[in-house]
Amino acid sequence: GLFGGFMCLRHLLLSLSLAAAAASDEKAAAGEKKAATKRPSSLAPVVGYRDIYSQLHLNDDGIPKVLMLLGGDSDTGSGEAPSWYSSAAMRFKQGRTKTAAFFAVAAGRDAARAAARFGIEEVPPGGAIFVCASGKARRFHFSPEAGAGERSRALRSTVEAAVSGEAEEQDLQPVPSFPEPDRPRKAAAVTLDEFTHESLPLLCYGVKAKPLCVMALLLQPSGQGCPAEIGALARRHRNDPVSFGCVGAKGQADFLAAFGLEQASLPALVAVKPGRRARFTALQGGGGAGEGGGEGRLEASAMGAFVDAILGGSASFQRLPELPELEPPYLLGGEGGKDEI
């Protein structure tokens with residue numbers, strides 16, 4: 125009867141209480157998840173010291189830039205610009221169009237280094253703000269005790285004057301210089317050719333963008349390709365104005381003689397500057413036992429030092445009266461050079 129009804133009511137209230145608690149926990153968990161996935165503000169993004177140059181001089185070119193250095197105990201506590209600063213930034217953005225760009229530098233070493241560029245020894249707890257336009261910077265002074273709305277309105281007024289070009293000339297200072305970001309050089313494609321009687325004038329002597337040609341002269345017939353060591357040298361200097369290749373110089377007596385070499389001198393590394401007054405310098409690999417040569421070796425370290433000396437300007441070149449040419453294979457004999465007639 126009455127007791128049974130009381131127990132049912134009690135169970136109902138207990139169930140409702142547990143359901144409410146579960147819903148509360150679920151809501152809190154959802155809130156934590158949302159906070160964890162919150163994206164950084166796009167209105168006033170936090171950038172690093174190395175990115176300040178791009179923000180001031182490259183991004184959104186031609187409009188005033190507003191920089192906030194966040195203090196060590198920023199009132200956001202999350203490394204982001206305060207909401208009143210982002211609110212001021214919102215006034216100067218219409219769709220994708222900006223009339224002023226706002227950004228901030230996180231507290232710590234980045235902010236301290238940026239502050240030194242602006243001539244302040246230490247970033248105050250509430251942060252420091254600079255409005256930069258037309259090569260000049262003005263520090264925006266505000267009281268940390270002022271309300272968020274008051275600070276936001278005062279900053280908007282200062283920026284509006286910069287946007288309209290009506291800012292007062294007093295208290296201006298030149299925008300300080302910041303280091304440009306490192307621009308990684310795009311790795312050029314590695315080019316390594318086995319020069320033939322047809323390709324030598326084009327790929328070695330005739331590349332205007334690469335006024336230096338380095339070729340390995342090898343005691344082998346044409347068509348056997350370049351050794352791996354030359355390929356490694358070409359990869360190392362892929363961004364330098366140098367053409368790399370090799371020549372199967374077996375039987376090419378006249379070609380070798382132009383560089384003061386003979387078969388017994390091979391292998392050798394020759395660098396040619398084809399220009400109006402052609403010049404060359406050579407590195408010999410030690411030749412070999414006997415008159416045939418070919419037993420010597422071009423060490424990778426020696427070749428690297430050879431090319432470095434040329435690029436560094438310390439190599440000694442000799443005059444080359446004319447650029448030597450290779451004989452076509454069908455005019456060469458088996459072992460001794462040209463066919464005897």
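Per the numbering used here, the very first residue in the sequence shown carries number 125; after that it's consecutive.
We put the CB at the ideal spot given by N, CA and C, even for glycine.
These numbers come from a predicted model, not from an experiment.
Does DSSP put residue i in a helix, in a strand, or in coil?
i      : result
Val371 : strand
Ala223 : The residue asked about is misnamed: residue 223 is Thr in this sequence, not Ala. In the structure shown, Thr223 sits in coil (DSSP, three-state: anything other than H, G, I, E or B).
His181 : helix
Ala406 : strand
Lys162 : Residue placement at Lys162 is flagged as unreliable, the pLDDT there being 45, under the threshold of 50; the coordinate-derived value follows with that caveat. It is coil, neither helix nor strand.
Ala381 : helix
Leu342 : strand
Ala212 : helix
Ala228 : strand
Leu435 : helix
Leu456 : strand
Is the Cβ-Cβ distance between residue i and residue j less than 8 Å?
i      : j      : result
Glu260 : Gln218 : Note that residue 260 is Lys in the sequence shown, not Glu. Going by C-beta atoms, Lys260 is not nearer than 8 Å to Gln218.
Leu327 : Ala373 : no
Val170 : Ala228 : yes
Leu468 : Gly428 : Nothing about residue 468 can be read from this structure; the chain reaches only from 125 to 465.
Ile434 : Leu324 : no
Ala382 : Leu450 : no
Met339 : Gly369 : yes
Lys334 : Ser367 : yes
Pro391 : Leu422 : yes
Ala252 : Leu316 : no
Opposite residue i in the DSSP bridges: which residues?
i      : result
Ala261 : Cys256, Gln297
Cys337 : Ser367, Val396
Met427 : Paired residues: none, contrary to the question.
Lys217 : Lys222
Val283 : Bridge partners of Val283: none, in fact.
Lys189 : Ala225, Cys256
Glu449 : Answer by DSSP bridge pairing: none, since Glu449 is not bridged.
Asp175 : According to DSSP, which records beta bridges pairwise, Asp175 is partnered with nothing at all.
Taking residue i and residue j to be in contact with their CB atoms under 8 Å, please state how far apart those CB atoms are, rounded to whole angstroms.
i      : j      : result
Leu380 : Glu386 : 6 Å
Pair every Cβ in the region 233–244 with every Cβ in the region 178–187, then say whether three or more of these pairs are closer than 8 Å.
In this structure the region 233–244 does not touch the region 178–187; the number of beta carbon pairs closer than 8 Å is below three.
Evaluate contact between the region 329–346 and the region 387–406, counting only Cβ atoms and requiring at least three cross-stretch pairs below 8 Å.
Counting Cβ pairs under 8 Å, three or more are found: they touch.
Taking 8 Å as the threshold, find out whether the region 185–193 comes into contact with the region 282–300 through three or more Cβ pairs.
A contact is defined here as three or more CB-CB pairs under 8 Å, and the region 185–193 meets this definition with respect to the region 282–300.
Taking contact to mean at least 3 C-beta pairs separated by less than 8 Å, is the region 360–370 in contact with the region 298–305?
Segments in contact, no.
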